[in-house]
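Notes follow the structure.
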Amino acid sequence: MVQGKYKTVKLSANMQKKRKRSNNEAFTRRANAPIQAKKTKLSENQKIKQVISKSVNKMVENELRARSAHSTAN
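Here's what the structure looks like:
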């Protein structure tokens, strides 16, 4: 016999039904509770961080311009 080959064993009718039933349950569970892709979650987080950093930078820049305009007026 060749090394690494397995003998195929015919399962009883009862075991075949159980195996078939367990395979179907996994697919129905998946349809009922889909899992979002990790990439979409990460991209959403990145977009939120980018929007926050842009708004903070705008506020800081406006404040600096106001201070510089105020100091040059005096």
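This note's numbering applies: residue 29 is where the sequence shown begins, and numbers increase by one.
Just so it is clear, CB atoms sit at the ideal spot from N, CA and C, and this is done for glycine as well.
Predicted, not measured: the structure shown is a model, and the values here were computed from it.
Put residue i into one of helix, strand or coil per three-state DSSP.
i     : result
Ala54 : Bear in mind that the predicted position of Ala54 carries a pLDDT of just 49, short of 50, making it unreliable; the figure below should be weighed with that in mind. Helix, per DSSP.
Ala41 : helix
Ile76 : helix
Lys33 : coil
Ala65 : coil
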